[in-house]
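S.K.: Count along the sequence shown from 1, add 1, and you get the number used in this note's numbering. Ideal Cβ placement from N, Cα and C applies to all residues, glycine included.
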Amino acid sequence: MTGTKKSIHGEWSSRFAFILAATGSAVGLGNIWKFPYITGENGGGAFVIVYLLCVAVIGIPIMIAETMMGRRARQCPINALETLTEEAGAHKNWHYLGWLGVIAGFLILSYYSVIAGWALAYVVKAFTGSFSGESAAQISGLFSDLQASPGQQIFWHTVFMVATMSVVARGVQGGLEKAVRLLMPSLFVLLILLVAYAMTTGAYMQGLEFLFKPDFSKMTGDGVLTAMGHAFFTLSLGMGAIMVYGSYLPKGISIAKTSILIAGADTLVALLAGVAIFPIVFANGLEASAGPGLIFQTLPIAFGNMTGGWLFGVLFFVLLVFAAISSAISLIEPAVAWVVENYDVDRKQASIYMGVGTWALGLGTVFSESFFEKIDYLTANLMLPLGGLGIALFAGRVMLQKHTQAELALDNEIEYTAWKFLVSYVTPVAVFLVFLHVLGVFG
Numbered sequence: 002m003t004g005t006k007k008s009i010h011g012e013w014s015s016r017f018a019f020i021l022a023a024t025g026s027a028v029g030l031g032n033i034w035k036f037p038y039i040t041g042e043n044g045g046g047a048f049v050i051v052y053l054l055c056v057a058v059i060g061i062p063i064m065i066a067e068t069m070m071g072r073r074a075r076q077c078p079i080n081a082l083e084t085l086t087e088e089a090g091a092h093k094n095w096h097y098l099g100w101l102g103v104i105a106g107f108l109i110l111s112y113y114s115v116i117a118g119w120a121l122a123y124v125v126k127a128f129t130g131s132f133s134g135e136s137a138a139q140i141s142g143l144f145s146d147l148q149a150s151p152g153q154q155i156f157w158h159t160v161f162m163v164a165t166m167s168v169v170a171r172g173v174q175g176g177l178e179k180a181v182r183l184l185m186p187s188l189f190v191l192l193i194l195l196v197a198y199a200m201t202t203g204a205y206m207q208g209l210e211f212l213f214k215p216d217f218s219k220m221t222g223d224g225v226l227t228a229m230g231h232a233f234f235t236l237s238l239g240m241g242a243i244m245v246y247g248s249y250l251p252k253g254i255s256i257a258k259t260s261i262l263i264a265g266a267d268t269l270v271a272l273l274a275g276v277a278i279f280p281i282v283f284a285n286g287l288e289a290s291a292g293p294g295l296i297f298q299t300l301p302i303a304f305g306n307m308t309g310g311w312l313f314g315v316l317f318f319v320l321l322v323f324a325a326i327s328s329a330i331s332l333i334e335p336a337v338a339w340v341v342e343n344y345d346v347d348r349k350q351a352s353i354y355m356g357v358g359t360w361a362l363g364l365g366t367v368f369s370e371s372f373f374e375k376i377d378y379l380t381a382n383l384m385l386p387l388g389g390l391g392i393a394l395f396a397g398r399v400m401l402q403k404h405t406q407a408e409l410a411l412d413n414e415i416e417y418t419a420w421k422f423l424v425s426y427v428t429p430v431a432v433f434l435v436f437l438h439v440l441g442v443f444g
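Printed below as a string of structure tokens:
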């Protein structure tokens with residue numbers, strides 16, 4: 002395989018564009034919706050410390066590996082694994098690793114779009130003052146009514162999928178890159194505005210103390226494994242997104258340094274979300290450990306009873322939508338790239354085919370909570386851990402060292418040896434423990 006190989010889909014215009022795109026893929030509902038409530042459930046600061054360590058030991062080594070595999074092959078994950086397997090002289094069954102990631106991303110987007118549709122609906126609810134002066138029971142009723150209305154859910158699910166596919170159809174620079182250049186700076190601005198508001202609530206220091214003061218007496222083994230799992234999932238690893246984005250990365254750009262910056266930006270968003278949310282929660286006498294309902298059932302109570310709450314409610318749910326769409330385009334991109342590479346269709350046609358298929362599958366989530374739970378369990382608990390484990394083992398033990406060294410181009414042997422050790426031994430063991438945990442073997 003020559004170093005001049007290029008993706009037929011084009012390349013990012015710069016290192017900064019790739020950082021924005023990959024950060025957009027990593028930053029999603031998990032950062033703004035899930036991270037605050039699992040932090041709340043696991044005692045705050047001690048959980049954050051363990052989470053940060055897990056990002057360094059699990060997340061970054063796999064992100065480096067996945068980006069490196071994508072750039073070397075310059076193809077969608079399915080075709081990339083076929084090419085890399087042949088290049089390494091490895092068993093042909095390794096190429097199924099590419100299928101695992103692409104299918105996982107497709108399945109995840111089918112329900113992710115429905116949840117993102119809830120956020121779109123809540124932008125409108127916040128703007129029209131639906132939260133104003135409402136009791137906890139009334140706010141809970143709003144959410145229950147939305148979930149009980151297939152018509153509303155299908156409408157917002159459709160709006161979100163159309164927006165996602167219209168971006169993907171325009172290509173790497175014309176669609177993906179333009180979108181993240183708008184979405185990611187806007188997302189950070191919205192977060193800063195919400196943090197600035199949180200500073201005025203009177204509970205800002207209480208929120209910071211909760212988020213950053215460690216109390217390891219509240220940190221259980223189950224909490225450690227939850228932190229490990231979230232560190233892995235929040236970076237969009239194991240679903241083909243980072244691999245396909247890596248295939249558009251120009252030569253000469255450091256994969257390792259860029260991966261560290263992306264992981265840092267993703268973590269910063271999660272922490273800023275916590276800094277914005279917890280003071281609002283505490284100032285209104287709400288529970289930090291409210292679980293998944295924190296975003297759609299707990300925070301709207303606060304927005305409905307604070308001065309200017311309609312505005313900050315709108316800002317918050319717009320932020321949630323921006324985070325969701327930046328992830329959604331990366332979830333479907335591997336499947337669209339595969340169709341373009343293997344069939345005589347252009348990107349616009351491929352986007353329509355994959356978008357309609359994902360939309361149709363999402364109807365299962367609209368009409369059946371058990372369908373959603375099964376898809377969520379299959380992807381989060383089985384496919385993604387297996388995908389991450391496979392990527393770590395393939396990059397660390399299957400690919401030839403001369404190829405990984407050439408692609409990573411690390412400054413010295415110590416850096417390469419450290420990455421090789423982590424991705425070959427430490428990371429696989431950690432991901433395997435997460436895998437056992439989510440299967441309920443222990444924890």
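Consult DSSP for Ala-91 and reduce its assignment to one of helix, strand or coil.
M.R.: Ala-91 falls in the coil class under three-state DSSP.
S.K.: Taking the alpha carbon of Leu-272 as the reference point, which residue from His-10, Ala-407, Thr-40 and Ala-336 has its own alpha carbon closest?
M.R.: Leu-272 has its Cα closest to that of Thr-40, out of His-10, Ala-407, Thr-40 and Ala-336.
S.K.: For Ser-14, which residues of its own chain have a beta-carbon under 7 angstroms away from its beta-carbon, when the five flanking residues on both sides are left out?
M.R.: Only Gln-174 and Glu-178 meet the Cβ criterion.
S.K.: By the DSSP assignment, the alpha helix (DSSP H) with Leu-379 in it spans what residues?
M.R.: Leu-379 -> no alpha helix (DSSP H), and no H or E assigned at all.
S.K.: Using 8 angstroms for Cβ pairs, my map puts Ile-330 next to Val-169. What's the rounded Cβ distance?
M.R.: 5 angstroms between Cβ atoms; contact.
S.K.: My output table needs one value for Arg-171: the three-state DSSP class, helix, strand or coil.
M.R.: It is coil, neither helix nor strand.
S.K.: Can you give the Cα-Cα distance for Tyr-205 and Val-276, rounded to whole angstroms?
M.R.: Roughly 8 angstroms between the two C-alpha positions.
S.K.: Going by other Cβ atoms of all chains shown within 10 Å of its Cβ, with 16 needed for buried, is Ala-431 buried or exposed?
M.R.: Ala-431 should be labelled buried.
S.K.: Could you check which residue in Gly-397, Glu-334 and Thr-366 has the C-alpha nearest to that of Met-166?
M.R.: Measuring from the Cα of Met-166, the nearest candidate turns out to be Glu-334.
S.K.: In chain order, what residues of the same chain lie with their CB nearer than 7 angstroms to the CB of Ala-122, ignoring the 5 residues before and after it?
M.R.: Once the five neighbours on either side are set aside, the close Cβ partners of Ala-122 are Leu-147, Gln-153 and Trp-157.
S.K.: Looking only at C-alpha atoms, which of Glu-83, Ile-256 and Leu-212 sits nearest to Val-282?
M.R.: When each option's Cα is compared against that of Val-282, the closest is Leu-212.
S.K.: Can you give, in chain order, each stretch of the beta strand (DSSP E) that sits fully within the segment 399-438 and has at least 3 residues?
M.R.: List check, beta strand (DSSP E) in window: nothing returned.
S.K.: Nearest-angstrom Cα distance between Phe-304 and Phe-433?
M.R.: Rounded to whole angstroms, Phe-304 to Phe-433 spans 41 angstroms at the Cα level.
S.K.: Relative to the C-alpha of Asp-412, which residue among Gly-253, Thr-235, Ala-242 and Leu-236 is closest?
M.R.: If we check each option's Cα against that of Asp-412, Gly-253 comes out closest.
S.K.: Let me make sure I understand the geometry here. Which of Val-322, Ser-248 and Leu-101 has the alpha-carbon closest to that of Met-384?
M.R.: Comparing Cα positions, the closest option is Leu-101.
S.K.: Return the first residue and the last residue of the alpha helix (DSSP H) that Tyr-198 is part of.
M.R.: Unbroken alpha helix (DSSP H) run through Tyr-198: 179-199.
S.K.: First and last residue of the alpha helix (DSSP H) that includes Phe-144?
M.R.: Run containing Phe-144: 137-148, per the alpha helix (DSSP H) assignment.
S.K.: Please determine, among Glu-408, Ile-302 and His-92, the residue with the shortest C-alpha to C-alpha distance to Ile-278.
M.R.: For the residues Glu-408, Ile-302 and His-92, the minimum Cα distance to Ile-278 belongs to Ile-302.
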